[in-house]
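**Q** Protein chains in written order, with the numbering used here: chain B, 1 to 180; chain P, 1 to 554.
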Amino acid sequence: MAFSDQLQSDAELVDQVKLGDSDAYALLVRRYERQVRASALHIVHDSHTAEDVAQEAFLAAYRSLHTLRRAEHFSSWLLTITRRQAGRFIRSTVRKERSLTEDEVEQADAAAELSGPACELLDFVERLPNHERIVVGLRYFDGRSVQDIADILDRPTGTVTKQLSRAHRRLKQWLSQVKQ
Amino acid sequence: MTFDESIDEQLERLGRELGDSPGLPRRVMAAIENEQRSRPTLTMAIARRRGAAVAVIVASVCVLLWWQLPSKSLYGRMVEALAEAKTLHVSGWTRSIDRTWPIEERSPATNQVEDDERHPVDIWYWTDPQGRRRGYERVGPVVVVRHGNDFREFQADTALTHIRRGKPDGRNRLSEFNRLAAYLTALERPGLTQVELGFRLEGGRRLRGLRHVEGDRMVDVWIDEGSNLPVRLVRMGKDSAERKMEVSFTVNAPVPQRIANYHPPTSDDVRLSGEGGNASWRRHVRRIGERLGNSPLNAGVAILPRDSGRTFSNQWSMLTPKGDYWVRPLDRDQYEPLTLGGFIRLHAATRDGERRHGTWRFVGKSRDLQIPRADLIHRANMPWREWVGYSLKQFGFEFVDQVESRTVWVAQYDGRELKPWQEVNPPVPYIVEGGVEKIGVVKPGVGMGIGRPVTLQDLFSSFNRLMGDLDAENPWIIDETGLPPAPTYDSSLHGTLEDFHHQVLGPYFVASDIPWFAGKEALELARKWYASEFGITFKEELRQVTVHVVRPIR
Numbered sequence: 001m002a003f004s005d006q007l008q009s010d011a012e013l014v015d016q017v018k019l020g021d022s023d024a025y026a027l028l029v030r031r032y033e034r035q036v037r038a039s040a041l042h043i044v045h046d047s048h049t050a051e052d053v054a055q056e057a058f059l060a061a062y063r064s065l066h067t068l069r070r071a072e073h074f075s076s077w078l079l080t081i082t083r084r085q086a087g088r089f090i091r092s093t094v095r096k097e098r099s100l101t102e103d104e105v106e107q108a109d110a111a112a113e114l115s116g117p118a119c120e121l122l123d124f125v126e127r128l129p130n131h132e133r134i135v136v137g138l139r140y141f142d143g144r145s146v147q148d149i150a151d152i153l154d155r156p157t158g159t160v161t162k163q164l165s166r167a168h169r170r171l172k173q174w175l176s177q178v179k180q
Numbered sequence: 001m002t003f004d005e006s007i008d009e010q011l012e013r014l015g016r017e018l019g020d021s022p023g024l025p026r027r028v029m030a031a032i033e034n035e036q037r038s039r040p041t042l043t044m045a046i047a048r049r050r051g052a053a054v055a056v057i058v059a060s061v062c063v064l065l066w067w068q069l070p071s072k073s074l075y076g077r078m079v080e081a082l083a084e085a086k087t088l089h090v091s092g093w094t095r096s097i098d099r100t101w102p103i104e105e106r107s108p109a110t111n112q113v114e115d116d117e118r119h120p121v122d123i124w125y126w127t128d129p130q131g132r133r134r135g136y137e138r139v140g141p142v143v144v145v146r147h148g149n150d151f152r153e154f155q156a157d158t159a160l161t162h163i164r165r166g167k168p169d170g171r172n173r174l175s176e177f178n179r180l181a182a183y184l185t186a187l188e189r190p191g192l193t194q195v196e197l198g199f200r201l202e203g204g205r206r207l208r209g210l211r212h213v214e215g216d217r218m219v220d221v222w223i224d225e226g227s228n229l230p231v232r233l234v235r236m237g238k239d240s241a242e243r244k245m246e247v248s249f250t251v252n253a254p255v256p257q258r259i260a261n262y263h264p265p266t267s268d269d270v271r272l273s274g275e276g277g278n279a280s281w282r283r284h285v286r287r288i289g290e291r292l293g294n295s296p297l298n299a300g301v302a303i304l305p306r307d308s309g310r311t312f313s314n315q316w317s318m319l320t321p322k323g324d325y326w327v328r329p330l331d332r333d334q335y336e337p338l339t340l341g342g343f344i345r346l347h348a349a350t351r352d353g354e355r356r357h358g359t360w361r362f363v364g365k366s367r368d369l370q371i372p373r374a375d376l377i378h379r380a381n382m383p384w385r386e387w388v389g390y391s392l393k394q395f396g397f398e399f400v401d402q403v404e405s406r407t408v409w410v411a412q413y414d415g416r417e418l419k420p421w422q423e424v425n426p427p428v429p430y431i432v433e434g435g436v437e438k439i440g441v442v443k444p445g446v447g448m449g450i451g452r453p454v455t456l457q458d459l460f461s462s463f464n465r466l467m468g469d470l471d472a473e474n475p476w477i478i479d480e481t482g483l484p485p486a487p488t489y490d491s492s493l494h495g496t497l498e499d500f501h502h503q504v505l506g507p508y509f510v511a512s513d514i515p516w517f518a519g520k521e522a523l524e525l526a527r528k529w530y531a532s533e534f535g536i537t538f539k540e541e542l543r544q545v546t547v548h549v550v551r552p553i554r
């Protein structure tokens, strides 16, 4: 495909972007596109708006990349930016539309285009610690293998499997609490 | 580490529901390019919701074209220009016609991929007021209409209709637009040589030309310098320069009412796939059951020819609704009839027991004999020897049993703690050739990709099936590891198959996939893999086994 991912680690790609290689940033965008959209969707509850927020988040991250001191923390940093962008959007919407009724809020929720269980699960995924959320996103939203994730995050495969395992346990526990 | 399977599946479902946004990376990169170029405040024009769906389509299909362009700023400008597009029209001609439903009985009149005739091309993509993606693709006698996820192809020259419902079955968004994709994907192949063709004036516009050469093909692309929109794409032979295809792109032309309201005619010959494919086969089996209810088979077995040579995209051996007869399809699928060898592999041989894979041997080359498309029907309680014998007899063959010494692999286990199934390494690393991922390539050791974790019994039985050649020569595995076998499914105990998979099988999973161990060349690979990943070794032994020899009736 046009954007062929050679499975360089995030840190390597960030360093390349800092040296002026914008193609490397395209790989990072492609790598985290689903996670960033998911994070945005969790907050703004509208898939179109989530796309806008995701785009703004990637652009903001690109503009501020020189401030990122530890390149290996790119994914956590990007998701933090995404949440801020989404929060900014919500605040601006509330300022513009102070009189949102409950019906309108429900309509906005319905527009999220995720099924009920998926919304619930996304809520819990977003509640995971950042390092677990990122491996879950790469594994399930982006369809990466454990080995790929280990390469991307420059972590041992054992660490990735442990993080996935812990995330599973947490999600299972939270979901079971909801069902009780 | 034990993963909870239901969480695993729920997360995968969430990932699927989140879906792709192939336009997002393009838009981000275009915005960055634009920002770097002009440095004004970045506008959000590209991301405007109005027309965003079309923008995604357009960006998806056109990025392949632009990626080849030497100038990134040109790429950025083109994405930006096209992101605002509400409609895309492709018109021109081509010498080749693609069909999503290939014709089984291929004839020169219908099967020429490329011919001397110029077939008109008239393609439209747009988004309707309800926000659904729409498409109209007419190439010569074939017209495809897309309405959201519903797809209908009408082949006027063969009076055939293909309907697919449900999610598109392509690997990516681009494949949904198969006509346009077919034109453009040629440009993404590695090894392309690119040549600047310079500029020319046309209709008051200054066009920039780029030529891509690959093997014996050349593709010229012309782009409007003023609007940054693609204008024309021409494909031709490298040496003869004979044109094979010529199409023009028009953006934002109003979609004619005749296109927007077009419904393909209904033909008698309708093929269903996607969600409709299963329903089609079930309906076929139900009808057979109804016929048998009125006039049962005296012999309890028969081969029934299909009405009008009908074929099915999805089919499997299935009981009639009353459960009194099996219906077994005697063809592989809509593309391929069945051979006698295929009949044995698909229907006669089983994973275990006296007729297991690897116990069948053909005399001579009779295994390649093609059998007519039909359905084999037999009473559900009929012994296998009767219906297999009956079927072979219809084609002039029989099978006889023969006891002989065979080499078997007796599996033994060294008692080490088994790794979690997620951590078991594949026997062959991920395949990358020339920097390109080889998806779907089947080579010895590569996973079969059944999409779920597997038990040791799955591994062994698949090994036996794959090694089970029709010469009855390769070894098969006999499980003497002492490891507890996974329980077999019992609907009265385990509920649905899904429940069984999630709640019962979990502790028995040993690997994430089944390696493709087929043929003698894979034997050593299999030995090494089982030893290193599971501590399982194989002791070769000679055992007396019964082989079923298929031969012409004497």
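Glycine is no exception: its CB is placed at the ideal position from the N, C-alpha and C atoms.
Bear in mind that the values here come from a model prediction, so they are computed numbers and not experimental data.
1) Could you list the residues in the stretch 146 to 157 of chain B with a C-beta less than 9 Å from some C-beta on chain P, going in chain order?
2) For T266/P, does the count of other Cβ atoms within 10 angstroms reach 16, so buried, or fall short, so exposed?
3) Please state whether the Cβ-Cβ distance between R291/P and R373/P is less than 7 Å.
4) Alpha carbon to alpha carbon, how far is L330/P from P337/P?
5) Name the chain P residues that come within less than 7 Å of F58/B, Cβ to Cβ?
6) Would you tell me roughly how many angstroms separate the C-alpha atoms of A110/B and G19/P, rounded to the nearest one?
7) Near E242/P, what residues of its chain come up, given a Cβ to Cβ distance below 8 Å and the 5 sequence neighbours on each side ignored?
8) For L11/P and L164/B, I'd like the C-alpha separation in whole angstroms.
9) Measure how close the beta-carbons of R379/P and Y325/P come, nearest whole angstrom, since I'm counting them as under 8 Å.
10) When you compare each of D116/P, L525/P, I97/P, V549/P to L340/P by their alpha carbons, which one comes out closest?
11) Can you tell me which residues form a DSSP beta bridge with E153/P?
12) Report yes if the CB atom of V146/B is closer than 7 Å to the CB atom of T161/B, and no otherwise.
13) List the residues of chain P that F141/B touches, going by C-beta distances under 7 Å, in chain order.
14) Would you identify the three-state DSSP class for S532/P, choosing helix, strand or coil?
15) Quick check: is the beta carbon of V427/P nearer than 7 Å to any beta carbon in chain B?
16) By the three-class DSSP mapping on this structure, what secondary structure does P230/P have?
17) Beta-carbon separation of S461/P and R351/P under 7 Å?
18) Please report the Cβ distance between A118/B and T82/B, rounded to the nearest whole angstrom; I am assuming they are in contact, meaning their Cβ atoms lie under 8 Å.
19) By how many angstroms is the C-alpha of G535/P removed from the C-alpha of F415/P?
20) Does any CB atom of chain B fall closer than 7 Å to the CB of E12/P?
21) Taking the beta strand (DSSP E) that E404/P falls in, what are its first and last residues?
22) Between which two residues does the alpha helix (DSSP H) harbouring K18/B extend?
23) Can you name the start and end residues of the alpha helix (DSSP H) that S96/P belongs to?
24) Measuring only between beta-carbons, confirm whether E33/B sits less than 7 Å from chain P.
25) Determine the direct distance from the alpha carbon of L233/P to that of L41/B, and round the result to whole angstroms.
26) If you run the structure through DSSP and keep just helix, strand and coil, what is V36/B?
27) Answer with buried or exposed for T488/P, where buried requires no fewer than 16 other C-beta atoms within 10 angstroms of its C-beta.
28) L121/B versus chain P: which residues are under 9 Å apart at the beta carbon?
29) Does chain B have any CB closer than 7 Å to the CB of Q422/P?
30) Tell me, to the nearest whole angstrom, how far the beta carbon of F124/B is from that of L79/B; I am working on the premise that it is less than 8 Å.
31) Please decide whether A86/B counts as near chain P, where near means a Cβ-Cβ distance under 7 Å.
32) From the DSSP output, which residues share a beta bridge with G135/P?
33) So what does DSSP say about S512/P, is it helix, strand or coil?
34) Can you give the Cα-Cα distance for I7/P and R26/P, rounded to whole angstroms?
35) For R362/P, which beta-bridge partners are listed by DSSP?
36) For L14/P, count neighbouring Cβ atoms within 10 angstroms of its own Cβ and tell me buried if that reaches 16, exposed if not.
**A** Looking at the coordinates:
1) V146, Q147, D148, T157
2) Residue 266/P sits at position 266 when you count from the first residue of the second sequence. Burial call: exposed.
3) Looking up residue 291/P in the second sequence gives position 291. Looking up residue 373/P in the second sequence gives position 373. Taking 7 Å as the Cβ cut-off, R291/P and R373/P do not qualify as a contacting pair.
4) Within the second sequence, residue 330/P is the residue found at index 330, counting from 1. Within the second sequence, residue 337/P is the residue found at index 337, counting from 1. Near 7 Å, if we compare the C-alpha coordinates of P337/P and L330/P.
5) Residue numbering aside, residue 58/B sits at position 58 when the first sequence is read from its first letter. The contacting residues are V28.
6) As a working mapping, residue 110/B is identified with position 110 in the first sequence. As a working mapping, residue 19/P is identified with position 19 in the second sequence. Because A110/B sits at a pLDDT of 37, beneath the cut-off of 50, its placement in the model cannot be relied upon, and the point is left open.
7) Position 242 of the second sequence, counted from the first residue, corresponds to residue 242/P. Cβ within range, chain order: M236.
8) Numbered from 1 along the second sequence, position 11 holds the residue referred to as residue 11/P. Numbered from 1 along the first sequence, position 164 holds the residue referred to as residue 164/B. Their Cα atoms are separated by approximately 12 Å.
9) The count along the second sequence starts at 1 and reaches residue 379/P at position 379. The count along the second sequence starts at 1 and reaches residue 325/P at position 325. About 6 Å separates the two Cβ atoms, so the contact holds.
10) Stepping through the second sequence from its first residue, residue 340/P is reached at position 340. Residue V549/P is the option with its Cα nearest to L340/P.
11) Reading the second sequence from its first residue, position 153 is the one you call residue 153/P. In DSSP, E153/P forms a bridge with V144/P, H162/P.
12) Along the first sequence, read from residue 1 onward, the residue named residue 146/B stands at position 146. Along the first sequence, read from residue 1 onward, the residue named residue 161/B stands at position 161. Yes; because the gap between Cβ atoms is below 7 Å, this pair is in contact.
13) Counting from one through the first sequence, the residue named residue 141/B turns up at place 141. Correct list: G15, L18.
14) Here the question's residue 532/P lines up with position 532 in the second sequence. Three-state result, S532/P: helix.
15) Position 427 of the second sequence, counted from the first residue, corresponds to residue 427/P. Just to set this straight, residue 427/P is Pro in the shown sequence, not Val. So, not an interface residue.
16) Walking along the second sequence from the start, residue 230/P turns up at place 230. P230/P: strand per DSSP, three-state reduction.
17) Walking along the second sequence from the start, residue 461/P turns up at place 461. Walking along the second sequence from the start, residue 351/P turns up at place 351. Yes, Cβ-Cβ distance for S461/P and R351/P is below 7 Å.
18) Looking up residue 118/B in the first sequence gives position 118. Looking up residue 82/B in the first sequence gives position 82. Contact doesn't hold; Cβ gap of about 19 Å is too wide.
19) One-based indexing of the second sequence puts residue 415/P at position 415. One-based indexing of the second sequence puts residue 535/P at position 535. Checking the sequence, you will find Gly at residue 415/P rather than Phe. Taking the straight line joining both Cα atoms gives about 7 Å.
20) As a first step, residue 12/P must be located in the second sequence, where it is residue number 12. Judged by the 7 Å Cβ criterion, E12/P is in contact with chain B.
21) Residue numbering aside, residue 404/P sits at position 404 when the second sequence is read from its first letter. Its beta strand (DSSP E) spans residues 397 to 413.
22) On the first sequence, residue 18/B is found 18 positions in, with the first residue counted as 1. Per DSSP, K18/B belongs to the alpha helix (DSSP H) from 10 to 18.
23) As a working note, residue 96/P is residue 96 in the second sequence. Element bounds for S96/P: not the alpha helix (DSSP H) but the beta strand (DSSP E), 87 to 96.
24) As a working mapping, residue 33/B is identified with position 33 in the first sequence. Interface residue, yes.
25) One-based indexing of the first sequence puts residue 41/B at position 41. One-based indexing of the second sequence puts residue 233/P at position 233. Taking the straight line from one Cα to the other gives about 39 Å.
26) The count along the first sequence starts at 1 and reaches residue 36/B at position 36. Note: V36/B maps to helix in three-state DSSP.
27) Indexing the second sequence from 1 puts residue 488/P at position 488. Result: exposed.
28) Numbered from its first residue, the first sequence carries residue 121/B at position 121. Under the 9 Å cutoff, chain P gives I7, Q10, L11, R13, L14.
29) Your numbering for residue 422/P matches position 422 in the second sequence. True, the Cβ-Cβ gap to chain B drops below 7 Å.
30) Sequence index remark: in the first sequence, residue 124/B carries index 124 (1-based). Sequence index remark: in the first sequence, residue 79/B carries index 79 (1-based). That pair is no contact at about 15 Å.
31) What you label residue 86/B is simply residue 86 of the first sequence in a count that begins at 1. No, A86/B lies away from the interface with chain P (no Cβ there is under 7 Å from its Cβ).
32) The residue given as residue 135/P occupies position 135 in the second sequence. Paired residues: Y125/P, R146/P.
33) To locate residue 512/P, count along the second sequence from 1; it is residue 512. Coil.
34) What you label residue 7/P is simply residue 7 of the second sequence in a count that begins at 1. What you label residue 26/P is simply residue 26 of the second sequence in a count that begins at 1. Distance between the alpha carbons of I7/P and R26/P is about 32 Å.
35) Residue 362/P sits at position 362 when you count from the first residue of the second sequence. Note on identity: in this sequence residue 362/P is Phe, with Arg being the wrong assignment. DSSP output for F362/P lists V550/P as bridge partner(s).
36) For the purposes of this step, residue 14/P is identified with residue 14 of the second sequence, where counting begins at 1. Classification for L14/P: buried.
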